[in-house]
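This report concerns only the one structure given below.
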Amino acid sequence: MPEPTFWLVFFSAALALNVSPGPDLLFVLSRTLSGGRRVGVASVCGVCSGALVHVAAAALGISAIMATSALAFAVVKYVGAAYLLYLGVQALRSAGATASFNLEAAPKVSIWQAYRQGILVDVLNPKAAIFFMAFLPQFVRPDHGAVALQLLVLGVLVVLVAVVVECAMVFLAARASSALRSNHRLSLWLDRVLGSVLIGLGIRLGLAERA
């Protein structure tokens, strides 16, 4: 395959995968709608940092353990599901707090908290590990050097595409959030919906099966 065609196919696939709604994107959007643009960007940085952990694991062959060990997959899956459920319950408990006229007094997720949560959400998703292990080898070319290095480079490029896509989504969601937060009743329901989304992601992850 000619070099330009190879990269066109690769980046097209990476873009399509990142645009598709998934746990990472839904988490980022929920954090943006509840905390604003800066919290959303911090969440993007967090989930992408977590994705880099999976990229490194795939390059080193560690992800193969996740794909072949039912115990390892289950442990990571249930810990990740429990964490998402916890975040969802916390969001429901604080529903409507940001609808107060005194927005500064409302409880907020800090940038560091959003970043840390993003890392955990991605690292504790075993499906992400299996995704990188299944997707990246399709673009490895044996005559282009060490396989591990190629996997690492390709994985980093996928993550960079994710940063661009998710940051664009954050800026759009932040604009919508400002309009929604101006209506106190809508703000209350928005918090409830966001909490429900996180709980739904937790249930979905808990029911996930190994591919």
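So the sequence shown is numbered by the UniProt record's numbering: it starts at 1 and just counts up by one.
Glycine included, every Cβ here is placed at the ideal spot set by N, Cα and C.
As the structure is a prediction and not an experimental result, all values here were calculated from the model.
Cβ-based burial, residue i [other Cβ within 10 Å; buried from 16]
i: residue 99; result: Its pLDDT being 46, under 50, residue 99 is placed unreliably by the model, and nothing is read from it.
i: residue 110; result: exposed
i: residue 87; result: buried
i: residue 59; result: buried
i: residue 3; result: exposed
i: residue 36; result: buried
i: residue 164; result: exposed
i: residue 9; result: exposed
i: residue 162; result: buried
i: residue 177; result: buried
i: residue 12; result: exposed
C-alpha distance - residue i paired with residue j, whole-angstrom precision
i: residue 198; j: residue 143; result: 44 angstroms
i: residue 141; j: residue 147; result: 8 angstroms
i: residue 138; j: residue 5; result: 14 angstroms
i: residue 92; j: residue 83; result: 14 angstroms
i: residue 89; j: residue 196; result: 8 angstroms
i: residue 85; j: residue 153; result: 33 angstroms
i: residue 47; j: residue 24; result: 6 angstroms
i: residue 200; j: residue 150; result: 35 angstroms
i: residue 17; j: residue 77; result: 21 angstroms
i: residue 79; j: residue 113; result: 18 angstroms
i: residue 45; j: residue 171; result: 14 angstroms
i: residue 15; j: residue 192; result: 31 angstroms
i: residue 262; j: residue 81; result: Examination of residue 262 is not possible in this model, given that the chain is present from 1 through 211 alone.
i: residue 175; j: residue 61; result: 41 angstroms
i: residue 124; j: residue 75; result: 9 angstroms
i: residue 157; j: residue 167; result: 15 angstroms
i: residue 145; j: residue 160; result: 22 angstroms
i: residue 122; j: residue 136; result: 17 angstroms
i: residue 212; j: residue 40; result: Beyond the ends of the chain as shown, which are 1 and 211, falls residue 212; an answer cannot be given.
i: residue 204; j: residue 7; result: 33 angstroms
i: residue 19; j: residue 51; result: 16 angstroms
Residues of its chain near residue i, where Cβ-Cβ distance is below 6 angstroms and the 5 sequence neighbours each way are ignored
i: residue 173; result: 29, 32, 33
i: residue 43; result: 28, 31, 114, 118
i: residue 206; result: 81
Sequence-distant residues of the same chain with beta carbon closer than 7 angstroms to residue i, five excluded per side
i: residue 208; result: 77, 127
i: residue 38; result: 111
i: residue 155; result: 55, 58, 59, 132, 136
beta-carbon residue i near the ligand NAD non-hydrogen atom, thresh 6 angstroms
i: residue 150; result: Annotation note on the ligand NAD: not contained in the displayed structure, which lists no ligands.
Same chain, Cβ closer than 8 angstroms to residue i, five either side skipped, listed in chain order
i: residue 22; result: none
| said: Three or more C-beta pairs under 8 angstroms: does that hold for the region 113-131 against the region 11-29? | reply: yes
| said: Contact between the region 121-139 and the region 44-59 is defined here as three or more beta-carbon pairs at a separation below 8 angstroms; is this criterion met? | reply: yes
| task | Within the region 6-82, note down every full alpha helix (DSSP H) run reaching 4 residues or more, in order along the chain. | result | 23-35, 37-60, 63-68
| Hey, which unbroken runs of the beta strand (DSSP E) at 3 residues or more fall wholly within the region 114-168? | none
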